[in-house]
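Below is one structure, written out as structure tokens; the observations come after it.
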Amino acid sequence: MSRNRSYSGNISNAENYLNYLYTNGFNKSKYITDNDVIGLCNKIGIFKLKGYVKEIKHLEIKNIDDVLVIYLFDKFLTRVFF
């Protein structure tokens, strides 16, 4: 059973993007509030986060924590190598 959901690319802010993720199968963070997630999304940038979201969107169980951990690990690894 495939759920094809389209994304128009017109998400204007982090709150709307977070709500978009929640309606498309992402679970809320187990550790931080939505307001904190929105703050992080604003600092990181929605465009950057989309790449990390793409990497896990195929998983059956996914949450915003997974996206943030992958992003932070990528930042750490980049600093180690460069």
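Residue numbers for the sequence shown follow this note's numbering, so the first one is 43 and each next one is one higher. All residues carry an ideal CB built from backbone N, CA and C; glycine is no exception.
Under the three-state reduction of DSSP, residue 124 is assigned to coil, being neither helix nor strand. Take the alpha-carbon of residue 78 and the one of residue 110: they are about 12 Å apart. At the C-beta level, residue 57 and residue 80 come within 8 Å of one another.
The DSSP-derived three-state label of residue 92 is helix. Rounded to the nearest angstrom, the gap between the Cα atoms of residue 69 and residue 116 is 21 Å.
The DSSP assignment places 56 to 65, 76 to 86, 88 to 98 as complete runs of the alpha helix (DSSP H) inside the region 50 to 117, in order along the chain (cut-off: 4 residues).
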